[in-house]
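Structure, as C-alpha cells:
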Ligand code: PEP
Ligand code: MG
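Numbering (the numbering used here), first residue to last: 3 to 760.
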C-alpha cells in the first residue's frame, strides 16, 4: 500500500494545475481501492458549498455543476464532523441526498473522508460501490492517509488558481489572501520580485518570454556549457577513477546528448515558457518517471537527471542574475529569504518582504524590522513562484499578503501607507527629547545593529548607544571568515559612529538558524546544538581574532562593551573571560593603549535565569535575549511557522522569568537590559520599564515609537499595568489587556489596522 501511496503522491505533485491533480487523484484512488466511484468535492469559499470537482465513475457532466450546501447530504456530514463516514447502505442513512444528474442512485456503499489542511476543511474525498460493501479498516485508513497527504497539494492548487484571478469554477477571483505571521509591522503595496537560491529547480518561478528564439539559444548554450564541464571533469579525474566510475560522466553526457530531453524542453519554451520553467517541468517529469521504476539502477538515474538539471539551471541563472531588475516598490518574495537577498535590492526600492519559510523571530525578520520594511514570514501555503511581477499587498501587522487585490482593497492599504508616513514625520520631533516617563523616570534607549544602514537610521532616530551589535551579520555577507583587519574596520565604523556612547558588541553567535556558507554546521537539532559561545570556545582562534579586532578598533574611543551569547553555565563565562584577558594582554603587548572593556552575559537560556546572581558576579552587566529565552522556555522553535501561534513573549512564564532576572541582577548590584524584540514592542517596553530594567535595546525603527509611549505614562501607571498583567495566566489575555491600555493612552495607531472587510 505504501508504494501505491507514494506513487500517487508523486504523480499528483507534478500535475500542472488543480484540475489535473484532482483527476489524477480520483482515477488512481479508484483503481487502487478497486471501487467503482471516486469523487472529490471541494468547498467553494464564495458560496460555502461543496462542489463536485472531479469524479471517476459518476457522470462527468455533473463536474462543476452539482453542489451541496455546507451541511447537506453525506458529504456535508463528513465535512462538519471532520471525520470519516463509512456506510454499507448509504441510501438508508437519513442524511443521504440523491442527485439524479450524477447517476449516483446505482451506488449503495459510501466511504467519505474529510480533506483537512491546517485545521480547515477543504473538501471531501468519497469512494462508492454499487453493491453493498463494507470498506474495511485498512481501506478507510488508506483513504485518510491519501487525503492527509494530498490536502497540501490541493490547497496549493486552489491558491495558485486564485492568484491567477480564477476561483474554483473558473470565475474571476480577487483579493487572494494568504496568511503567515507578522515579521515586521507596516504595510506595503508593490510588485512581486521572486528570488530563489541558485540552482534550485523546485524554487524556479513560472514566467513567460516573448523572444522565443533567443530563449531557445540561451537553453542550448547552457546545455553546451554543462557538456563541456562534464567532459572536463571526466578528464580531470581520469587518473583517479576506475573505468566503471568514469563511465558516470559518459552517462551524463549521453543524457545531455539525448535529443528527447532537449526536444521536450524546447517544445515548452516554444509555448512561451522561459527556459528555467521549461527545464524544471521536463526534469521533474523524468525524475518522477525514473523514481517510479522498480529497478534500483534505473531509479538511481533520477539522481543523475536532477543533478544535470541543476547544473543546466545554474548556467541559465548566471545570465539572469545579472539582468534582474527591481521595480520601484519591490516586494521581495522567496521560499526562504536570506540577508544577502535583501542586500541585493538597490537602495530605496525595497517596499516589502514575503518568505514562505521562517517566522517572526528569524533573523531576516529581525533585519526587516531594523530596516523598517514590512514583512510577512511563514506563508507556507503560498505558491510563491507565481508572484513574479504581480501586484501585491503586504500587511505586516496582520501577517497577511494579498494577490490580485481589488481597487477597494488597494485604496484602503494605500491610505494606511500614507497615514504611516505622516505618523513617522510626527515622531521625528521626538529625536532630541529624553526618554522619560511623565513623573521623571529615565529609561535608556539603545539600538540593535548589524548592517551599516542601521547605524544611519539609529543616529537619526536619537539612539543613546548600541545595546546589541550582531557581529555575525558582517560575517554572513562574506565568503570566508573576515580577517582581523577587516573586522577591525567594521567594528571601528560602529564605534566611531556612536562615540562617546557605548557600543555593545556580541561575540560571534552562529549556529541555530544563523549559518555561514563557508562554515556549515549540520545538526539534527541546531538550536540545541553547537551555537553561540559553544562554537567560539571550541575555536579560540576565531574568538581571539574577533576580540582583538574589537579591542584594536576601540583604541582612543574607549566605548566598547563585549557581550557573550548563549551562556548556559558559569564555566563558559570563565573560559571566555580568560580568552578576553589574554587578547587584551596581547593587544597591549603590541603597544596599543586600550583599557579592558566591560564584559557582559546574555541571559537567553532558561538555566541561566536560575543562575543570574552567579553569572552577574563574574561580569559587569547582563542583557536578556528575550527571543531565544522565549523559544527555550516555551519549547517553541522561533522559526517554525507551524508553531508560531505558541511563540509569545507575553506568556506568563516568560514574564515571570523576566521579572526574576531583573530582581536578581539588581540584588547583586548589576545593571540589566533587554535586547530581544520584546524591548521594541510598545507593550513590552512598558512592562519592562515597570519591572525595573535599566535599558532597552531595539531596532532603530521601533525606537521613536517606544520613546513616544514611555513619554505618555507615569512609572506608577506602568507598574499598575504590570501588576494587573502578572495576575493573568494566559498570554492572549495579557496581550488584550496591554492593547487596551495602549488604546487608553492614544497609541491605537500603532496597533494592527482592522480592514473594513473584517
Ligand atoms: C535574542 O535571542 O533575544 C537575541 C537578542 O539574540 P538573537 O535574536 O540574535 O538570537
Ligand atoms: Mg539570541
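Don't be surprised by glycine CBs; every beta carbon is placed ideally from N, CA and C. Computed from a prediction, not measured in an experiment: that's the story for all the values here.
Tell me whether the beta-carbon of residue i lies closer than 9 Å to the beta-carbon of residue j.
| i | j | result |
| --- | --- | --- |
| residue 487 | residue 551 | yes |
| residue 334 | residue 197 | yes |
| residue 193 | residue 37 | no |
| residue 429 | residue 710 | yes |
| residue 330 | residue 353 | yes |
| residue 181 | residue 527 | no |
| residue 280 | residue 292 | no |
| residue 202 | residue 30 | no |
| residue 511 | residue 445 | no |
| residue 76 | residue 89 | yes |
| residue 379 | residue 395 | no |
| residue 730 | residue 654 | yes |
| residue 183 | residue 336 | no |
Using the beta-carbon count (16 or more within 10 Å), is residue i buried or exposed?
| i | result |
| --- | --- |
| residue 398 | buried |
| residue 327 | exposed |
| residue 63 | exposed |
| residue 759 | With a pLDDT of 41 at residue 759, under the threshold of 50, the modelled position of this residue cannot be trusted; read the value that follows with caution. With fewer than 16 Cβ atoms within 10 Å of its Cβ, residue 759 is classed as exposed. |
| residue 706 | buried |
| residue 656 | buried |
| residue 3 | exposed |
| residue 628 | buried |
| residue 667 | buried |
| residue 106 | buried |
| residue 132 | exposed |
| residue 690 | buried |
| residue 204 | exposed |
| residue 571 | exposed |
| residue 285 | buried |
| residue 696 | buried |
Return the residue from the list the options that minimises the CA-CA distance to residue i.
| i | options | result |
| --- | --- | --- |
| residue 544 | 562, 506, 348 and 474 | 474 |
| residue 170 | 20, 353 and 277 | 20 |
| residue 99 | 123, 127 and 68 | 68 |
| residue 619 | 573, 585 and 606 | 573 |
| residue 687 | 658, 724 and 668 | 724 |
| residue 597 | 616, 555 and 612 | 555 |
| residue 179 | 129, 654, 381 and 218 | 381 |
| residue 670 | 631, 482, 617 and 471 | 617 |
| residue 481 | 93, 252 and 518 | 518 |
| residue 33 | 102, 93, 402 and 141 | 141 |
| residue 393 | 237, 404, 96 and 385 | 404 |
| residue 267 | 252, 254, 255 and 287 | 287 |
| residue 56 | 46, 41 and 495 | 41 |
| residue 96 | 74, 102 and 177 | 74 |
| residue 16 | 255, 294, 463 and 277 | 294 |
Taking 8 Å as the limit between beta carbons, can you name the residues of its chain near residue i, skipping five residues before and five after?
| i | result |
| --- | --- |
| residue 419 | 189, 190 and 191 |
| residue 748 | 714 |
| residue 160 | 20, 44, 124 and 170 |
| residue 764 | As displayed, the chain neither begins before 3 nor continues past 760, which places residue 764 out of reach and without an answer. |
| residue 732 | 654 |
If you drop the 5 nearest sequence neighbours on each side, which residues of the same chain put their C-beta closer than 7 Å to that of residue i?
| i | result |
| --- | --- |
| residue 757 | In this predicted model, residue 757 has a pLDDT of only 49, less than 50, meaning its place in the structure is not dependable enough to derive any value. |
| residue 700 | 449, 450, 681, 682 and 708 |
| residue 14 | 23, 26, 27, 152 and 155 |
| residue 726 | 739 |
| residue 307 | 257, 285, 288, 289 and 292 |
If you drop the 5 nearest sequence neighbours on each side, which residues of the same chain put their C-beta closer than 6 Å to that of residue i?
| i | result |
| --- | --- |
| residue 227 | 317 |
| residue 638 | 645, 648 and 649 |
| residue 678 | 627, 628 and 629 |
| residue 130 | 39, 109 and 112 |
| residue 692 | 720, 721 and 724 |
Check whether the Cβ of residue i lies closer than 9 Å to any Cβ atom in chain D.
| i | result |
| --- | --- |
| residue 376 | No chain D is part of this structure, which consists of one protein chain only. |
Original post:
Contact between the stretch 552 to 569 and the stretch 500 to 511: three or more CB pairs below 8 Å?
Top reply: Verdict: yes, contact present.
Original post:
Quick one: any contact between the stretch 20 to 32 and the stretch 45 to 54, if contact means 3 or more CB pairs under 8 Å?
Top reply: As far as the Cβ criterion goes, the stretch 20 to 32 does not touch the stretch 45 to 54, which means the pair count is below three.
Original post:
When the Cβ atoms of the stretch 433 to 449 are set against those of the stretch 211 to 225, are three or more pairs found closer than 8 Å?
Top reply: With a cut-off of 8 Å, the stretch 211 to 225 and the stretch 433 to 449 do not count as touching, because too few Cβ pairs lie within range.
**OP:** Tell me, please, whether the stretch 587 to 606 touches the stretch 614 to 632 by the rule of three or more beta-carbon pairs shorter than 8 Å.
**Re:** Yes, the stretch 587 to 606 touches the stretch 614 to 632.
Original post:
Would you call the stretch 110 to 130 and the stretch 79 to 88 touching, i.e. three or more CB-CB distances under 8 Å?
Top reply: They touch, by the three-pair rule.
**OP:** Determine, using beta-carbon pairs with one atom in the stretch 129 to 149 and one in the stretch 7 to 20, whether at least three such pairs fall under 8 Å.
**Re:** A contact between stretches requires three or more CB pairs, one per stretch, nearer than 8 Å, and the stretch 129 to 149 meets this requirement with the stretch 7 to 20.
Original post:
Three or more beta-carbon pairs under 8 Å between the stretch 654 to 668 and the stretch 712 to 722, yes or no?
Top reply: Of all C-beta pairs linking the stretch 654 to 668 to the stretch 712 to 722, fewer than three are shorter than 8 Å, placing the two stretches out of contact.
Original post:
Can at least three beta-carbon pairs, one atom from the stretch 568 to 578 and one from the stretch 523 to 536, be found at a separation below 8 Å?
Top reply: Taking a cut-off of 8 Å for Cβ pairs, the stretch 568 to 578 and the stretch 523 to 536 touch, as three or more such pairs fall below it.
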